[in-house]
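Peer 1: One structure follows; several queries about it will come next.
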Amino acid sequence: MTYDIMLVRIPADSTLHEAVARLDADFDPDADLPLLRLTDGQRAAWDRILDRVSREIGAVESVEYLYSLMFETVGPPGRVQFDYCGDTANVEVAYRHAGAGASAVMELAYRIARIAEEESGLTGYDFEVDQPVRTGDPAKAAARLGAVSDWAQQHLS
544 MTYDIMLVRI
554 PADSTLHEAV
564 ARLDADFDPD
574 ADLPLLRLTD
584 GQRAAWDRIL
594 DRVSREIGAV
604 ESVEYLYSLM
614 FETVGPPGRV
624 QFDYCGDTAN
634 VEVAYRHAGA
644 GASAVMELAY
654 RIARIAEEES
664 GLTGYDFEVD
674 QPVRTGDPAK
684 AAARLGAVSD
694 WAQQHLS
């Protein structure tokens, strides 16, 4: 289980919550995932995201799958995974960080999500703490990540 920050493309006639509701309604857990078919603009956005994250944050390991493009950060403060499908993306952080570690990794996660917003036109939202990425407080996210990580360590180990 991971702490997730969602990024979606919001149609002009829609709200974030309506766009997410449409995605949920279209999701069929029994169907095969659709093959990734990016437009030239979506591929260019991926390239810009990957380039900026590599330059501004540091080395990443990237992989192209049949269904999505993905990269992971390498090194401290911890692994942050970014999955991209063109009109959606997701930032994932494992529930294993607490205290200062949670703060550092959530600062990194928000920085990646904000770069993705700027380069792709997607809108990011952190449903875990009910705040938009653009104006949200990574410290609030870190508190949630740390609390869940502590609980999991105490009750699931």
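With the working numbering, letter number 125 in the sequence shown gets 668, and the count goes up by one each step, no holes. A virtual CB, placed ideally from N, CA and C, is assigned to each residue, including glycine. Since this is a predicted model, take the numbers as computed values, not measurements.
Restricting to Cα atoms, I'd like to know which of LEU578, VAL603, ALA685 and TRP694 is closest to ALA645.
Peer 2: Comparing Cα positions, the closest option is ALA685.
Peer 1: VAL634 and LEU550 - do their beta-carbons sit closer together than 9 Å?
Peer 2: A contact, by the Cβ cut-off of 9 Å.
Peer 1: Among all the DSSP beta bridges, which residues are the ones paired with PHE614?
Peer 2: Answer by DSSP bridge pairing, in chain order: SER605 and PHE625.
Peer 1: By how many angstroms is the C-alpha of LEU665 removed from the C-alpha of ARG595?
Peer 2: If I take the Cα positions, the gap works out to 16 Å.
Peer 1: Alpha carbon to alpha carbon, how far is ALA690 from ALA588? Give it in angstroms, no decimals.
Peer 2: C-alpha separation (whole angstroms): 34 Å.
Peer 1: What is the residue span of the alpha helix (DSSP H) that GLU671 lies within?
Peer 2: Counting along the chain, GLU671 falls outside any alpha helix (DSSP H), and DSSP gives it neither H nor E.
Peer 1: Looking only at C-alpha atoms, which of MET544, THR678, ALA555 and LEU581 sits nearest to ALA632?
Peer 2: Selected option, being the one with the closest Cα: LEU581.
Peer 1: Since ILE548 sits in a beta bridge, which residues does DSSP pair it with?
Peer 2: Bridge partners of ILE548: VAL634.
Peer 1: In whole angstroms, what is the alpha-carbon distance linking GLY618 and GLN624?
Peer 2: Distance between the alpha carbons of GLY618 and GLN624: 12 Å.
Peer 1: Rounded to whole angstroms, how far is the Cβ of THR616 from the Cβ of ILE592, which I believe are closer than 8 Å?
Peer 2: Actually they are not in contact, since the Cβ atoms of THR616 and ILE592 sit about 13 Å apart, beyond 8 Å.
Peer 1: Measure from the alpha carbon of GLN696 to the alpha carbon of each residue in PRO681, ALA637, ILE658 and ASP673, then state which is nearest.
Peer 2: Among PRO681, ALA637, ILE658 and ASP673, the Cα nearest to that of GLN696 is on ALA637.
Peer 1: For LEU768, which of helix, strand or coil comes out of DSSP?
Peer 2: For residue 768 there is no data in the structure shown, the boundaries of the chain being 544 and 700.
Peer 1: Quick check: GLU661 and ASP547, are their CB atoms within less than 9 Å of each other?
Peer 2: Not a contact, by the Cβ cut-off of 9 Å.
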